[in-house]
Ligand code: FES
């Protein structure tokens with residue numbers, strides 16, 4: 023069963039701004055993830071490029087390009103659509119792994135899945 027885990031306050035996710043990072047267990051491996059806000063909606067993805075399985079951000083928590091329209095991998099410049107994670111240009115091979123989010127009462131929550139668990143279960 024999926025669990026909804028508190029990630030951050032709604033106001034911590036600024037439109038086109040810095041991401042909020044968090045750690046997860048994906049398919050049994052620890053992995054970084056990040057949440058961003060695009061066109062008013064919060065989205066989250068595994069921080070793992072589909073070109074080479076590396077983290078995208080060169081500067082901590084900075085994923086948007088200067089136009090605020092694309093998520094960029096700093097290594098070879100792959101571009102992803104912020105709303106879907108789909109590969110939009112460059113050497114990416116498929117889209118980013120999307121993590122389900124919900125927003126309610128001023129809190130952003132991420133949802134676990136069969137292969138997506140918190141690194142440490144909240145007490
Ligand atoms: S590792 Fe991301 S573009 Fe190459």
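Residue numbers (my numbering): 23 to 145.
Each residue gets a CB set at the ideal place from its N, CA and C atoms; glycine is no exception.
In this text the structure is predicted, and so the values were computed from the model without any measurement.
Following the DSSP letters along the chain, one finds residue 24 in no beta strand (DSSP E), marked with neither H nor E. Under the DSSP definition of a beta bridge, residue 139 partners with 47. Contact check for residue 98 and residue 112: beta-carbon distance about 7 angstroms, within the 8 angstroms limit, so the pair qualifies.
DSSP places residue 79 outside both helix and strand once states are collapsed to three, so it counts as coil. Of the heavy atoms belonging to ligand 1, at least one sits nearer than 7 angstroms to the Cβ of residue 100. Under DSSP, the beta-bridge partners assigned to residue 53 are 46.
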